[in-house]
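Asker: So the sequence shown is numbered by my numbering: it starts at 27 and just counts up by one. Virtual Cβ for every residue (Gly too), placed ideally from N, Cα, C.
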Amino acid sequence: MGWQGVSASEVRRLVPLRARRVSQSGSTTSLGMGKGVRVQRIHRAGMISFHAFTVRPASLLLALALLPAACGEGAATRRDPALRPMGEGEPRDRDEEIVALLNNEPLSWRTVAEKALELNPKGTVDTYVRWRVVEDRRRALGITQNSQELRRRAETMAKQTRERMGEAAFKAQLEREGLSPEAYVEFVASSRSFETALTVEKIVRYAGLREDTFVVDRMLFVEEEDARRFDEEARSKGFEAAADAVKAAGQKQTVARKPRETFTRNSPPVDPILDEWIVEELAKKKPGEATGVEKSRSNLFYVVRLVETRKGREAAWADVKGEILEGILASPPNRAEIDRWVEAEFARAKVEYRSGSPPRKKP
Numbered sequence: 027m028g029w030q031g032v033s034a035s036e037v038r039r040l041v042p043l044r045a046r047r048v049s050q051s052g053s054t055t056s057l058g059m060g061k062g063v064r065v066q067r068i069h070r071a072g073m074i075s076f077h078a079f080t081v082r083p084a085s086l087l088l089a090l091a092l093l094p095a096a097c098g099e100g101a102a103t104r105r106d107p108a109l110r111p112m113g114e115g116e117p118r119d120r121d122e123e124i125v126a127l128l129n130n131e132p133l134s135w136r137t138v139a140e141k142a143l144e145l146n147p148k149g150t151v152d153t154y155v156r157w158r159v160v161e162d163r164r165r166a167l168g169i170t171q172n173s174q175e176l177r178r179r180a181e182t183m184a185k186q187t188r189e190r191m192g193e194a195a196f197k198a199q200l201e202r203e204g205l206s207p208e209a210y211v212e213f214v215a216s217s218r219s220f221e222t223a224l225t226v227e228k229i230v231r232y233a234g235l236r237e238d239t240f241v242v243d244r245m246l247f248v249e250e251e252d253a254r255r256f257d258e259e260a261r262s263k264g265f266e267a268a269a270d271a272v273k274a275a276g277q278k279q280t281v282a283r284k285p286r287e288t289f290t291r292n293s294p295p296v297d298p299i300l301d302e303w304i305v306e307e308l309a310k311k312k313p314g315e316a317t318g319v320e321k322s323r324s325n326l327f328y329v330v331r332l333v334e335t336r337k338g339r340e341a342a343w344a345d346v347k348g349e350i351l352e353g354i355l356a357s358p359p360n361r362a363e364i365d366r367w368v369e370a371e372f373a374r375a376k377v378e379y380r381s382g383s384p385p386r387k388k389p
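1) By how many angstroms is the C-alpha of Ser-173 removed from the C-alpha of Leu-128?
2) Taking the alpha-carbon positions, what's the Val-138 to Val-160 distance?
3) Need the endpoints of the beta strand (DSSP E) that Ala-282 sits in, please.
4) If you follow the alpha helix (DSSP H) that Ser-293 is part of, which residue opens it and which one closes it?
5) Answer yes if the stretch 335-343 comes into contact with the stretch 356-367, meaning at least three C-beta pairs across the two stretches below 8 Å, and no otherwise.
6) Please identify the residue among Phe-289, Phe-327, Pro-285, Thr-335 whose C-alpha is closest to the C-alpha of Ala-309.
7) Locate the beta strand (DSSP E) running through Tyr-328, then write down its first and last residues.
8) I think Pro-294 touches Val-305, with their Cβ atoms under 8 Å apart; what is that distance to the nearest whole Å?
9) Tell me, which residues are paired with Met-436 by DSSP?
10) Taking the alpha helix (DSSP H) that Ile-350 belongs to, which residues open and close that run?
11) So what does Thr-239 bridge to, in DSSP terms?
12) Just to confirm my understanding: we take Glu-371, look at its own chain, exclude 5 residues before and 5 after, and list those with CB closer than 6 Å. What are they?
13) Under a three-way DSSP split, which group does Arg-231 fall into?
14) Where Glu-369 and Val-226 are concerned, what is the direct C-alpha to C-alpha distance, given to the nearest angstrom?
15) Do you know how far the Cα of Ala-209 is from the Cα of Ala-194?
16) What's the gap between the Cα of Ala-375 and the Cα of Trp-157?
17) Among all the DSSP beta bridges, which residues are the ones paired with Pro-207?
18) Where do the ends of the beta strand (DSSP E) carrying Pro-132 lie?
19) With three or more C-beta pairs closer than 8 Å as the rule, is the stretch 252-259 touching the stretch 211-221?
20) According to DSSP, which residues form a beta bridge with Ile-299?
21) In the DSSP output, which residue or residues are listed as bridge partners for Lys-321?
22) Less than 9 Å separating the beta-carbons of Ala-250 and Val-330?
23) What residues are listed by DSSP as bridge partners for Ala-316?
24) Identify whether Leu-121 lies in helix, strand or coil by the three-state DSSP scheme.
25) Count the other CB atoms within 10 Å of the CB of Tyr-232; is the residue buried (16 or more) or exposed (fewer)?
Right, dumping it as structure tokens:
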């Protein structure tokens, strides 16, 4: 990312506040902050949590729809929160906007934003940079969403949420929130944060289209003996049969199977790390083949199966945007895939902090 000077006011509008003012029909939520302190958070309907961009939901189902598990990924470490960017046509003179009440005292947007910058300037700037790398790429590619795309993605997400929760639990939650299945899809699709989420997915998948991409299944072992036993079983009966046997044995503490991982050659998984020499070994394999037992510098032992290799190709966004969308609808990016792209771009950004801020640690 080419870096430019950023004004304090521009950073302030993306400060990770815990509250945002609502529209005229907004509501408040009381938050316990210690004895004698009562904070009311003013929140807006339709704000959600998605990957590196954290915002506040009014609907539990909307939040559930955007959990990493809905995209096929397990729990992941939360990144520094970043609010959605200000939308087109949204007023920028918002200094006196009330974002919360502290013991019934109104807290203005400017008061909270400036104090957040003062208390944690580096963290606030880093949050801004993570948003900025996405916004710069969106503008460069000219990515936009239309209502049909948003609805199709919302329908896919609703289906994922239903499958993950179970039909009975999903219906019960809809009833508690007073939503029909159709209204739920409309609610998700109309969220501005959901629009941002789909933008990020498109950017990440387009970047992956241009690089060689690996799709793998990875088994993790604490003990080398377990890894060797699995490797022998996989060679004789197949990877899936061996994995099923491990699951049936219930070795939860020393053996684990990662959810299916998709990554480019230059950005392998980091949680736990998939070492470069293992990636090189995978590059020599045919789909369906697995590595032997590999020891990682994470002090774990892996057996990794190559599911698919996708060759990168040069293509203009306009020529492949339909293909990208269909790929997302069929198999959305998971949390790790998106985090890797955001953090790689973040690491490339040249950020010069003001005097007194600690140096940035590379991810």
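Answerer: According to the structure data:
1) Separation of Leu-128 and Ser-173 (C-alpha to C-alpha, rounded to the nearest whole angstrom) is 39 Å.
2) Rounded to the nearest whole angstrom, the C-alpha separation of Val-138 and Val-160 is 25 Å.
3) 281-283
4) That residue, Ser-293, is in no alpha helix (DSSP H); it is neither H nor E in DSSP.
5) no
6) Thr-335
7) 327-336
8) 5 Å
9) Because the chain is modelled from 27 through 389, residue 436 falls outside the range shown and cannot be assessed.
10) 343-356
11) Thr-290, Arg-336
12) If the five residues before and after Glu-371 are omitted, its C-beta is found closer than 6 Å to the C-beta atoms of Val-159, all from its own chain and listed in chain order.
13) helix
14) 13 Å
15) 18 Å
16) 12 Å
17) Pro-207 pairs with nothing; no bridge assigned.
18) 131-134
19) no
20) Val-296
21) Phe-327
22) Correcting the residue type first, residue 250 is Glu in the shown sequence and not Ala. For Glu-250 and Val-330, no; Cβs fall outside 9 Å.
23) Arg-331
24) In the sequence under discussion, the amino acid at residue 121 is Asp, which differs from the Leu named in the question. Coil, per DSSP.
25) Result: buried.
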